[in-house]
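**Student:** After the structure tokens below, expect a handful of questions from me.
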Amino acid sequence: MSPTAIPLATASLVDALYSSMRTRIVNGDIAQGEKVTENRIATEYDVARPTAKACLERLIVVGLLKRSAHKTAVVPILDSEDIEDLFFVRSLLESAAVTELAVKRIPLQEILRTQGAIESAAEAGNFQDQVAADVDFHALVVRQAGSHRLLRAHDLILGELQMTMGLQSAHKATSAGTIAAEHAGIIEAIEIGDSDLARRRMQMHLDGARLRILSSMRDAAQDSERKSD
Numbered sequence: 057m058s059p060t061a062i063p064l065a066t067a068s069l070v071d072a073l074y075s076s077m078r079t080r081i082v083n084g085d086i087a088q089g090e091k092v093t094e095n096r097i098a099t100e101y102d103v104a105r106p107t108a109k110a111c112l113e114r115l116i117v118v119g120l121l122k123r124s125a126h127k128t129a130v131v132p133i134l135d136s137e138d139i140e141d142l143f144f145v146r147s148l149l150e151s152a153a154v155t156e157l158a159v160k161r162i163p164l165q166e167i168l169r170t171q172g173a174i175e176s177a178a179e180a181g182n183f184q185d186q187v188a189a190d191v192d193f194h195a196l197v198v199r200q201a202g203s204h205r206l207l208r209a210h211d212l213i214l215g216e217l218q219m220t221m222g223l224q225s226a227h228k229a230t231s232a233g234t235i236a237a238e239h240a241g242i243i244e245a246i247e248i249g250d251s252d253l254a255r256r257r258m259q260m261h262l263d264g265a266r267l268r269i270l271s272s273m274r275d276a277a278q279d280s281e282r283k284s285d
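FYI, the numbering for the sequence shown is 57 to 285, going by the working numbering.
What follows is the structure in structure tokens.
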């Protein structure tokens, strides 16, 4: 192995490779607009080209990379219209999921474990762990609703959702416990079987995230303008 190769956990090689690349993209270590090739992945991780290709294709499927015909894959650059559209779709899917959970009173053991991870990360001030736990929470909410088609639709936007949480520092723009508290409120509404309350709390939660991201993007654009003057 190359002495400069990035180490991988002892799991399925493609899974471990995908997990590492996903984290780097979500955290902004690989920036929006940056090119990602099979050769780059193979070289940086010292893996075979077929393994790198499998990882690349998986990143494209979840939206963490985009590639047009015969073009190199790049990390997508999300603008305000992308954010508005993404959250429009996200709100439809996740509001439907919490409504279904509340109506059916589905057990929430896995979601509660993820909520514990969010609370621990918030208390420790660990931003990366908070983002990862937040992604898991929302993915589990949709998965637990029990609709394969709903889950498939959510999976299509999951990569872009991860980017908004990581790259735009959504969690850093609010107090450490806010997101954990909002999730706890959603869980409470589901557990008491109040589908309307669960849906409203999810919508408020997502509206807050959307507004924080848009505000962060405006601030970044203004800083860029000031530096260019």
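All C-beta atoms in this analysis are idealised placements derived from N, C-alpha and C, irrespective of residue type, glycine included.
Please classify Ala61: does DSSP put it in a helix, a strand, or coil?
**Tutor:** Numbered from its first residue, the sequence shown carries residue 61 at position 5. Here Ala61 sits in coil by DSSP.
**Student:** Measure the alpha-carbon distance for Val198 versus Ala236 and round it to whole angstroms.
**Tutor:** Working through the sequence shown from its first residue, we reach residue 198 at position 142. Working through the sequence shown from its first residue, we reach residue 236 at position 180. Using only the alpha carbons, I get a separation of about 18 Å.
**Student:** Relative to the alpha-carbon of Ala61, which residue among Ile81, Glu175, Ala104 and Leu149 has its alpha-carbon at the smallest distance?
**Tutor:** The residue you call residue 61 lines up with position 5 of the sequence shown. Among Ile81, Glu175, Ala104 and Leu149, the Cα nearest to that of Ala61 is on Ala104.
**Student:** How long is the line joining the alpha carbons of Glu281 and Asp135, rounded to whole angstroms?
**Tutor:** Within the sequence shown, numbered from 1, the residue matching residue 281 stands at position 225. Within the sequence shown, numbered from 1, the residue matching residue 135 stands at position 79. Looking at the two C-alpha atoms, the distance is approximately 16 Å.
**Student:** Thinking just about the alpha-carbon of each residue, which of Ile246, Gln278 and Arg255 is nearest to the one in Gln165?
**Tutor:** Numbered from its first residue, the sequence shown carries residue 165 at position 109. Comparing Cα-Cα distances from Gln165 to each of Ile246, Gln278 and Arg255, the minimum goes to Ile246.
**Student:** At which residue ranges does the region 103-177 contain complete alpha helix (DSSP H) runs of 4 or more residues, listed in the order of the chain?
**Tutor:** 105-117 and 136-160
**Student:** Taking buried to mean at least 16 other C-beta atoms within 10 Å of its own C-beta, is Ala129 buried or exposed?
**Tutor:** Reading the sequence shown from its first residue, position 73 is the one you call residue 129. Looking at its Cβ environment, which holds 16 or more other Cβ atoms inside 10 Å, Ala129 is buried.
**Student:** Tell me where the alpha helix (DSSP H) around Ala87 begins and ends.
**Tutor:** Counting from one through the sequence shown, the residue named residue 87 turns up at place 31. It is not in any alpha helix (DSSP H) - Ala87 carries neither H nor E in the DSSP assignment.
**Student:** Does the structure place the region 252-265 close enough to the region 140-155 that three or more beta carbon pairs sit under 8 Å?
**Tutor:** yes
**Student:** The ligand HEM heavy atoms versus the CB of Leu207: any closer than 6 Å?
**Tutor:** You won't find the ligand HEM in this model; it holds no ligand whatsoever.
**Student:** Comparing C-alpha positions only, which one of Val145, Thr230 and Asp192 sits nearest to Leu168?
**Tutor:** Position 112 of the sequence shown holds residue 168. For Leu168, the nearest C-alpha among the options comes from Asp192.
**Student:** Can you find the residues in the same chain that come closer than 6 Å, C-beta to C-beta, to Thr220, ignoring five residues on each side of it along the sequence?
**Tutor:** By 1-based counting over the sequence shown, the position of residue 220 is 164. Correct list, in chain order: Ile269.
**Student:** For Arg249, does the count of other Cβ atoms within 10 angstroms reach 16, so buried, or fall short, so exposed?
**Tutor:** Here residue 249 refers to the residue found at position 193 of the sequence shown. The residue asked about is misnamed: residue 249 is Gly in this sequence, not Arg. So Gly249 counts as exposed.
**Student:** So Gly241 is in the alpha helix (DSSP H); what residue range does that whole segment cover?
**Tutor:** As a working mapping, residue 241 is identified with position 185 in the sequence shown. Run containing Gly241: Thr234 to Glu247, per the alpha helix (DSSP H) assignment.
**Student:** To which residues does DSSP link Val187 through a beta bridge?
**Tutor:** Here the question's residue 187 lines up with position 131 in the sequence shown. According to DSSP, Val187 bridges with nothing at all.
**Student:** Do you know offhand how far Ala98's Cα is from Asn182's?
**Tutor:** As a position in the sequence shown, residue 98 is number 42, starting the count at 1. As a position in the sequence shown, residue 182 is number 126, starting the count at 1. Their backbone Cα atoms lie some 30 Å apart in a straight line.
**Student:** Taking C-alpha atoms, which residue in Glu175, Pro132 and Phe143 lies nearest to Lys91?
**Tutor:** Indexing the sequence shown from 1 puts residue 91 at position 35. Among Glu175, Pro132 and Phe143, the Cα nearest to that of Lys91 is on Pro132.
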